[in-house]
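What follows is one structure encoded as structure tokens, with my remarks underneath.
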Amino acid sequence: MNHVELQLTGDGSHTLFNAQINETYHSHKGALAESRYVFIHAGMDAKLEQTSDLSILEVGFGTGLNALLTMLRFREFSRVQNIRVRYVSIEPFPLTKTLIEGLNYKSLLSEDAAPLFDALHDAPWDQDVEVLPGFVLRKVHGRLETYEAAAQSVNLIYFDAFAPNKQADVWALDNFRKCYELMQPDGLLVSYCANGQFKRDLKAAGFCVKPYPGALGKREMTRASKVID
């Protein structure tokens, strides 16, 4: 992947820049800070207020940062309560080992982050792997469009694909209808993106979309729930 290179973001953490589409994998203002806010604070923490059994679907495994932060948060919670997490992440273009080894997340996070980061990247694709007791990871080498799973099998979706103007096919209405079918009642979808068409398509698919403050100075991010009357 010669078109992908490391870049430092505003909080000292790495992101990757894809020159082919002129897009970074995370906010240039702070990769770690953005992921913590959008996916952990606004997503995982919110769902753990309702249930101790999380089934997470991530669209865009990328650097593995969201998965790593989710695992670290899982360890924190599991010290005080019994929780379970199934984490499925879809990625059509896995990173090379060289790019993964260049990322600085292990040095910026707690000491126990390093073995977890290695474990999630060493896990084979398209297989269930219990990387921690109670935390099952499955990395899917493919696309959301062709992903198959049982209806109502997830209760939290991290929608972290490249921006709509860079990867329009992933942000198609049919994909949001699919997300809605996969989601359990009262499930939650979170995304850094607050694009107007994105929110309209989520509503068209059946989601309830409410404004939510964005990360790192952005006015909004997106939280959408499946509300069954």
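Position one of the sequence shown corresponds to residue 0 (numbering that gives the first Met the number 0), numbered consecutively onward. The C-beta atom is built at its ideal place from N, Cα and C for all residues, glycine as well.
Item                                                                                                                                       : Value
Roughly how many angstroms lie between the CA atoms of L188 and E110, to the nearest whole one?                                            : 30 Å
How long is the line joining the alpha carbons of P114 and Q6, rounded to whole angstroms?                                                 : 23 Å
Would DSSP call M220 helix, strand or coil?                                                                                                : strand
Which residue spans inside the segment 137 to 180 form an unbroken beta strand (DSSP E) run of at least 3?                                 : 153 to 158
Would you mind giving the Cβ-Cβ distance between E33 and L155, rounded to the nearest angstrom? I have them listed as a contact below 8 Å. : Contact flag wrong, Cβ pair sits at about 17 Å.
Going by DSSP in three states, R85 sits in which element: helix, strand or coil?                                                           : strand
For D159, is the classification buried or exposed, using 16 other Cβ atoms within 10 angstroms of its Cβ as the cut-off for buried?        : buried
Would the segment 49 to 60 and the segment 81 to 91 be scored as touching if the rule is three or more Cβ pairs under 8 Å?                 : yes
Mapping the DSSP letters down to three states, classify P91 as helix, strand or coil.                                                      : coil
Sort G63, F73, V128 by Cα distance to L47 and report the nearest one.                                                                      : F73
Could you tell me the boundaries of the alpha helix (DSSP H) in which I99 lies?                                                            : 96 to 101
Which residues mark the beginning and the end of the beta strand (DSSP E) in which P183 is found?                                          : Rather than Pro, the amino acid found at residue 183 in this sequence is Gln. 182 to 190 is the span of the beta strand (DSSP E), which, as asked, contains Q183.
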